[in-house]
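Engineer: Just passing along the structure, written as structure tokens.
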Amino acid sequence: MMILLFFVLSVICVGSVLGMIISKNQAYSALFLVLAFSCLGGLFGMLGAPFMAVVQIIIYAGAIMVLFIFVIMMINLRKGISPERKKWTLAVSAVISVVLLAELVFAVLGTPPMPYTAAFSSGTSPTDIGRLLFTKYLYPFEITSVLIIAALVGAIVLVKKREKE
Amino acid sequence: MIPASYFFLLSVVLFVLGIIAFFLKRDLITQLMAVEIMLNAANLAFLALAKSSNFLDAQVIVFFIITVAAAEAAIGLAIVMLIFRQKKSIKTEDMRSMKG
Amino acid sequence: MNGFGALAPLLIIVGAALVILLLDAFLKKDNKNYLACLSLFFLVVCAVFCLRSWNKNLSYFEGQLRLDNLALFLAFLFLIAVAFVMFIGMKYLTLQNVPGGEFYGLLLLALSGLMIMTSSLNFIVIFLGLEVLSVSSYALAGLKGKDEKSSESAIKYFLMGSFASAFLIFGLALLFGTAHSLEISAVLSSFRANFEGQLLGLVGLGLVIIGFAFKISLVPFHMWTPDVYEGAPTPVTAFFAVGPKAAGFAVLFRILAPYWNEGFKSGRIFDVLWTVAALTMLIGSLIGLRQKNIKRLFAYSSIANAGYMLIAVLAGDGASLIFFLTVYLFMGIGAFGSLIALSKKDREYTDLEDFAGVGFKYPWLGAIFSVFLLSLAGFPPTGGFLAKFYVFVGAVRQDLTSLVIIGVLTSLISAFYYLRIIVYMYMREPERDVDIEIENPALFLVLFLCLYGVLQLGIFPGNVLYVIRQAAASLF
Amino acid sequence: MTEIFWLIPFVPAASALVLILFGRRLPKRYVSFQACGAVFVSFGLAAFSFFGLLNTSPEHGPLIKTLFSWIGVGAFKAGFSFQFDPLSAIMALVVTGVGFLIHIYSVGYMSQDKGYTRYFAHLNLFTFAMLVLVLASNMVLMFVGWEGVGLCSYLLIGFWFEKPSAAKAGMKAFIVNRIGDAGFILGILFLVMTVGSSEFSAIAAAVGNGLLSQGLATLIAILLFIGACGKSAQLPLHVWLPDAMEGPTPVSALIHAATMVTAGVYMVARLNVLYTFSGTVGPIIALVGALTAVFAATMALVQNDIKRVLAYSTISQLGYMFIGCGVGAYAAGIFHLYTHAFFKSLLFLAAGSVIHALSGEQDMRRMGGLKKYLPWTYPVFLVGAVAIAGVPFLSGFFSKDAILTRAFGQRQYVIWVLGLAGAVMTAFYMFRLIFLTFYGVERLDPEAKKHLHESPKVMTVPLAILAFFSITAGYVGLPAVLGKKADVFGRFLEPVIKPAAEGHLGLGTEWFLILISVVVALLGIFIAHTFYLKKPGIPHGLVARFPRIYKLIYNKYYVDEIYDGAVINPLITGSEWIYAHFDLKVVDGTVNNSASAVGFFGKILSYLQTGLVKDYALIFLLGIVIFIGVLLF
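Have a look at this one:
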């Protein structure tokens, strides 16, 4: 049963990524991506990380993709932009990507499964995550605040119109 | 229980699809989306690989990565806006005034 | 666990950034120079804190923040670099219409990113620091409002940078999967414990290295460098050339030096990086020959220099790596600063042709610039010579002789394009009308300080070397 | 007081700094005064220290003044330290002495040039770098000077940057020298690696106590010799020197004849212990030197540009110095360096005077008969020519003879024969130059003839002084036949250069060798005389008035013609052929081609930089795939 769900979700996920690639209209691409990220959220849930699933759907599908759609609306291209037509780039990038895929798969197959050790912190509830976030990972957490400030300031300064213009 | 390696393989496929999307698309916004796909694939890989060990840590790290992705998306879209305002175009191949 | 003291330098910098941004937003003064002075104040305070922590090995957050001597020395370098960049940018901002408050604020945020990166031994912290740096860098690159080149450089930097970040994160995932931790030491010991089953981990380590190789523009991950350097506002380019590069190399060294010590020196990663070093030096010096735009030329020069620094990493020679970075700071900022001097309202002179006859028209500028160029070209007795000399000596001792031969040859090739600028300055009659606003005391102060640094490090390196040895020793 | 020698380099340095920074505001007279004065002060200091050195016994070892410790990598240390011993004393005296005269001369020669201050700034800077080179007490500091002189030379060749050929020549000098420098720096790196120090004393000690294996010593010696080849224009890295004549003539005299180009010889002599120890490198050096000596001499036979003749002649003479080093006669090599500095700079300056008089004309085919117009220049030129040709009792004779005698003594007969052949040609081309320039028919450009004038005193007086030394400088190094103590020069150098075992040559052999040298020199002059002076004049004047006598002479000349046809013409044609096909095409071509090949690769590679982010990402991805591929397989 679970395995069926896994396959359904992954097929939808991969399929919507393909849809995003194929569609000429950026808004459709963005919507495809929302779908793909939602499926990923489902997969996170199946992996046993319900909190991450929620975060994924709220932040990714909800916030980040909405940002994309906003920008797409603001730019509002009349005509869609068709995919790359330069044969050379296409061929080479396809070949290299496939080789990369093969390499990664080879690496997975060549690595024995990791031995399970119980010594690690367990639990999956949001409380556990929260506790970890504010104890062991407090420092990185603080850094993300700096990161967001930087992104904020950067985005504003780039987009705002100067008075002199 | 589904083996974690399935999830990992899926993440690899998604990652490579993200790369392909990056090369296939010709406008900045969808290229940015392609990068988002790659980041998501990496998140899935994190969770899948840590499933059998310290899964909780992996979740926290994924949380950070989502934050990073949000920050990058914000700044990236801002730059795209800037470009669009100047050139009235968001095609990647129009960005080649500097080369050599 | 010496607590708060370890966090203080970082807090000061982030606090300074916030103060600057807020002040700029609320005071709305036209003249932004007071912001630079204020930043300088914070930088000095931060430097004092760094000095006081010397040799104390402070750490905080269960060792995720670790102010060892290496981190402190690099932090000190970054502080100097950022102070210099602010001062060379002071007048540039008004001349080229760059928003001042954000320039200083983002620069400080980028600085905090650099310090985070270099003061940790935990991959997740390092990665977040890198992202803080990157995000502020993307914005800095596009800061020159109306200039299309500037925004083009921002988008190129951003696209390539986030592409590279994705690989870096994927690599971290692989490492985390095999080592169950993102502490550098834990990752490395997992390699030692179980080398056979480490294919995935090895790939992960490779991807992580590539992520940093991007930042320090090693071939073939360097392609963004010339375009970004050319388009970004020149003070920002100066910052890119020294700051991220130093931080990236420091991290790479923190990863690889223990790795070599584990006995992986004959491993594959070593071989690949060997080739990368050779390619980096070759590409940097060969393509540089063709450049007519000085900013682009310096981009290739910085690529070539990355190759020399990589030799030091391969040799596991921390002291000469840090010495090289230190010298590069002074000559890099000096060289870009001299470029900035050659500008006027809404116009920058960056073509080789513009430099014709500059040596006579502006003798001081010409003379100082020549010293920086000679130093970049590795002429004794400047710092640039000693830096390369140390790296080469260290490498020859580690049996990297063929790499050293390539290094010597390429540095001879690249000397050609540095000297060509001098030839233009002193051996050509001006062909174009280059009139610049030479009145720029802040810039010239920095130029003189850089000149002092280059000569001091070239002629009396003793004291600095002593300190650098202490810093390098804190690694192990 | 004896340590004051460390100031020698810094006086010109200070002067150069002032001229670079404030030069524009200084009056011309002051510039000349300061530039010349600085070198003169250096010369005074050098002379003072030299006499101090004479009064101390050699057991003291060299005077070493460490200004500060400079480099320290682990156990390896290099100080910023100068060394004053007989060898560096001689070099310093030559550099400052000849340099001073050339500075004075330049005051006249460059007086009309708009880059006057710039010129003297560079010249002072060069003097500084050259003094650092010769006074350094370790290889690293020597490299500082080595690069410094290269840089100044490069800037001064391109001094008249308006001429594209000058700019190109500067580039060429730069490229060729870089090749040599690569060898040099690698040599230093190996030295540092094996010896752990680059102090000359430590190198000697390492050779002494067996720290250095013979194989490594050979490798280091060869690498360093490559550097010397570049700087001293030895085959096949000689191509830059003739082109370097694009610079002002005093520069050619100072840098490309008297001082900088001899740096390679100095370096080999300085490391004589290493070179002697390595054994196999010596013959290589001697062979390279001998081939260069002959080859460059043949080139000089067919040049029409007066300065290019002298340039090839310089290469050829440098070849002799390397023969000296190669056969173990380091002292003789240095001796030749020392005498050569006088007569070659004399020749260059006198040539400069001729060029000056003819408003810039350098082609000998448009000279001739200048003897009566240039009453000062002519005699000094003649002195220089006689000295270099190896006519007895002048300086060049003693030094060249010392080298060839030693080559013979070492049973290096091939080298010796090549040296003699070079000597004939030397005499020949020098007198060809004299005859074409000062004798015979006037072939002057009418425009140039109008302005024809002897040079001012400020130029002729230095010429006279140099002429004096060209005659007398050799008497400090008389051949051994005149008594054991005759070779003052060699004995003075003994603390640095251990004399090899006493010559095996008997007195008779030695006299015989000297005789051969004399004959060879006179032969060369005689051939040139008949060829370029006597013959052209005869047909026109005599045929009409004394047909019978003419017949007689003609018959005599018939012999000459055979001789010409059999020996001289093939030689000339051969030289021309070699010049056109080998020197210009092969050697020059290789240099140019390698430069353009480097440029070509740069061009190809820069096409990859398309400006498209996608292409960048593609290469990025390719890099990743290869990286991971290597890790996996």
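Residue numbers (our numbering), protein chains in the order written: chain A, -8 to 156; chain B, 46 to 145; chain C, 402 to 877; chain D, 21 to 653.
Even for Gly, the Cβ is constructed at its ideal location relative to N, Cα and C.
(1) Using a Cβ-Cβ cutoff of less than 7 Å, which residues in the same chain neighbour Lys132(B) once the five nearest sequence positions on both sides are dropped?
(2) On the CB-based measure, 16 or more other CB atoms within 10 Å of its CB, does Val374(D) come out buried or exposed?
(3) Who are the near neighbours of Asp383(D) in its chain, counting only those whose CB is closer than 7 Å to its CB and skipping five residues on each side?
(4) Roughly how many whole angstroms lie between the Cα atoms of Met402(C) and Gly216(D)?
(5) Is Leu122(B) helix, strand or coil when you go by DSSP?
(6) Which residue's Cα is closest to the Cα of Phe729(D): Leu690(C), Ala788(C), Pro782(C) and Leu711(C)?
(7) For the segment 246 to 305 of chain D, which segments carrying the alpha helix (DSSP H) assignment without a break, of at least 4 residues, lie completely within its bounds, in sequence order?
(8) What do you reckon, are the CB atoms on Val794(C) and Leu121(D) nearer than 8 Å?
(9) Can you find a CB in chain A that lies within less than 8 Å of the CB of Gly643(D)?
(10) Output needed in chain order: residues of the segment -8 to 24 of chain A with a Cβ under 8 Å from some Cβ in chain B.
(11) Specify, as a first and last residue, the run of the alpha helix (DSSP H) that Gly121(A) falls within.
(12) Please list, in chain order, the residues of the segment 628 to 643 of chain D that have any C-beta partner in chain F closer than 8 Å.
(13) Considering just the uninterrupted stretch of the alpha helix (DSSP H) at Leu26(A), what are its terminal residues?
(14) So Gly203(D) and Leu255(D) are supposed to be a Cβ contact under 8 Å. How far apart are they, rounded?
(15) Return the chain-ordered list of same chain residues with a C-beta closer than 7 Å to the C-beta of Gly250(D), the five sequence neighbours on each side being excluded.
(16) Between Ala782(C) and chain D, is there a C-beta pair that is closer than 8 Å?
(17) Name the chain B residues whose beta carbon is nearer than 7 Å to that of Ser626(D)?
(18) I need the straight-line Cα distance from Ser84(A) to Phe67(B), nearest angstrom please.
(19) Report all residues from its chain with a CB closer than 8 Å to the CB of Val288(D); omit the five preceding and five following residues, and keep chain order.
(20) Can you give, in chain order, each stretch of the alpha helix (DSSP H) that sits fully within the segment 487 to 573 of chain C and has at least 4 residues?
(21) Flag Ile246(D) as yes if its beta-carbon sits less than 8 Å from any beta-carbon of chain C, otherwise no.
(22) Just to make sure I have the definition right: I need the residues of chain C whose C-beta is within less than 7 Å of the C-beta of Val212(D). Which are they?
(23) With 16 other CB atoms within 10 Å as the buried threshold, where does Ala617(D) fall?
(24) Using a 10 Å radius around the Cβ and a threshold of 16 neighbouring Cβ atoms, would you call Pro559(D) buried or exposed?
(25) Using a Cβ-Cβ cut-off of 7 Å (strictly less than) and excluding sequence neighbours within five positions of Val444(D), which residues of its own chain qualify?
(26) Can you check whether the C-beta of Ile240(D) is within less than 8 Å of a C-beta belonging to chain C?
(27) Could you name the residues of the same chain whose beta carbon sits closer than 7 Å to that of Leu569(C), not counting the 5 residues immediately before and after it, in chain order?
(28) Do you know offhand how far Val169(D)'s Cα is from Glu81(B)'s?
(29) Check whether the segment 694 to 712 of chain C and the segment 618 to 636 of chain C touch, using three or more Cβ-Cβ pairs below 8 Å as the test.
(30) The beta strand (DSSP E) spanning Arg467(C) covers which residue range?
(31) Quick one: which unbroken alpha helix (DSSP H) runs of 4-plus residues sit fully inside the segment 834 to 860 of chain C? Chain order, please.
(32) Please return the same chain residues whose Cβ sits closer than 7 Å to the Cβ of Asn841(C), not counting the five positions on each side in sequence.
(33) Unbroken alpha helix (DSSP H) runs of length 4 or more, entirely within the segment 100 to 188 of chain D: which are they?
(34) Given that a residue counts as buried once 16 or more other Cβ atoms are within 10 Å of its Cβ, and exposed if not, what is Asn362(C)?
(35) What does the alpha-carbon distance come out to for the pair Leu171(D) and Met150(D)?
(36) Excluding the 5 residues preceding and the 5 following Glu75(A) in the sequence, name in chain order all residues of the same chain whose CB lies nearer than 8 Å to its CB.
Structural biologist: To lay it out plainly:
(1) For the purposes of this step, residue 132(B) is taken as residue 87 along the second sequence, with counting starting at 1. Around Lys132(B): Asp139.
(2) Taking the fourth sequence and counting its residues from 1, the one referred to as residue 374(D) is at position 354. So Val374(D) counts as buried.
(3) As a first step, residue 383(D) is located in the fourth sequence; it is residue number 363 there, counting from the start. So the list reads Asn324 and Asp325, once near-sequence residues are dropped.
(4) For the purposes of this step, residue 402(C) is identified with residue 1 of the third sequence, where counting begins at 1. For the purposes of this step, residue 216(D) is identified with residue 196 of the fourth sequence, where counting begins at 1. Because Met402(C) carries a pLDDT of 46, less than 50, the predicted location of this residue cannot be relied on, and no value is offered for it.
(5) The residue you call residue 122(B) lines up with position 77 of the second sequence. It is helical.
(6) What the structure shows of chain D is the stretch from 21 to 653, and residue 729(D) is not part of that stretch, so it cannot be assessed.
(7) 260 to 263, 269 to 273, 283 to 290 and 292 to 298
(8) On the third sequence, position 393 is the one that residue 794(C) refers to. On the fourth sequence, position 101 is the one that residue 121(D) refers to. Not closer than 8 Å, so no.
(9) Residue 643(D) sits at position 623 when you count from the first residue of the fourth sequence. Answer no: the Cβ-Cβ gap between Gly643(D) and chain A never drops below 8 Å.
(10) Met(-7), Ile(-6), Phe(-3), Ser1, Cys4, Val5, Val8, Leu9, Met11, Ile12, Gln17, Ser20, Ala21 and Leu24
(11) Looking up residue 121(A) in the first sequence gives position 130. Element bounds for Gly121(A): Pro117 to Phe125.
(12) Included in the structure are the protein chains A, B, C and D, with no chain F among them.
(13) One-based indexing of the first sequence puts residue 26(A) at position 35. Residues Gln17 to Leu38.
(14) Position 183 of the fourth sequence, counted from the first residue, corresponds to residue 203(D). Position 235 of the fourth sequence, counted from the first residue, corresponds to residue 255(D). In this structure Gly203(D) is not in contact with Leu255(D), their Cβ atoms being roughly 15 Å apart against a cut-off of 8 Å.
(15) Locating residue 250(D) in the fourth sequence gives position 230, where the first residue counts as 1. Hits under 7 Å: Val196, Asn197, Ile199, Gly200, Asp201 and Leu257.
(16) Residue 782(C) sits at position 381 when you count from the first residue of the third sequence. Here the sequence assigns Pro to residue 782(C), which means Ala is not the residue at that position. Yes, because at least one Cβ of chain D sits closer than 8 Å to the Cβ of Pro782(C).
(17) Position 606 of the fourth sequence, counting from 1, holds the residue named residue 626(D). Correct list: Gly145.
(18) Against the first sequence, residue 84(A) aligns to sequence position 93. Against the second sequence, residue 67(B) aligns to sequence position 22. Between Ser84(A) and Phe67(B), the C-alpha separation is close to 10 Å.
(19) What you label residue 288(D) is simply residue 268 of the fourth sequence in a count that begins at 1. Excluding residues within five positions, the ones whose Cβ falls inside 8 Å are Leu244, Phe245, Ala248, Tyr295, Ile305, Phe342, Cys345, Tyr350 and Gly353.
(20) 501 to 519 and 524 to 542
(21) If you number the fourth sequence from 1, residue 246(D) lands on position 226. Chain C contact via Cβ: absent.
(22) Within the fourth sequence, the letter at position 192 stands for residue 212(D). Result: Val794.
(23) Within the fourth sequence, numbered from 1, the residue matching residue 617(D) stands at position 597. Label assigned to Ala617(D): exposed.
(24) Numbered from 1 along the fourth sequence, position 539 holds the residue referred to as residue 559(D). Reliability of the predicted coordinates at Pro559(D) is poor, the pLDDT of 41 falling under 50, and the value obtained from them is presented with this limitation in mind. Exposed, since its Cβ has fewer than 16 Cβ neighbours within 10 Å.
(25) For the purposes of this step, residue 444(D) is identified with residue 424 of the fourth sequence, where counting begins at 1. Taken in chain order, the residues that qualify are Val540, Leu543 and Gly544.
(26) Position 220 of the fourth sequence, counted from the start, is the residue given in the question as residue 240(D). It does not; no Cβ of chain C falls within 8 Å.
(27) Residue 569(C) sits at position 168 when you count from the first residue of the third sequence. Excluding residues within five positions, the ones whose Cβ falls inside 7 Å are Phe528, Leu608, Val609 and Gly612.
(28) Taking the fourth sequence and counting its residues from 1, one reaches residue 169(D) at position 149. Taking the second sequence and counting its residues from 1, one reaches residue 81(B) at position 36. Whole-angstrom Cα-Cα distance: 57 Å.
(29) yes
(30) Within the third sequence, numbered from 1, the residue matching residue 467(C) stands at position 66. Taken as a continuous stretch (DSSP letters only), the beta strand (DSSP E) holding Arg467(C) covers Leu466 to Leu468.
(31) 842 to 860
(32) On the third sequence, residue 841(C) is found 440 positions in, with the first residue counted as 1. Around Asn841(C): Lys492 and Ala742.
(33) 106 to 129, 136 to 155 and 159 to 177
(34) Absent from the model: residue 362(C). The displayed extent of chain C is 402 to 877, so no value can be given.
(35) For this step, residue 171(D) is matched to residue 151 along the fourth sequence. For this step, residue 150(D) is matched to residue 130 along the fourth sequence. The C-alpha of Leu171(D) lies about 11 Å from the C-alpha of Met150(D).
(36) Within the first sequence, the letter at position 84 stands for residue 75(A). These residues qualify, in order along the chain: Leu81.
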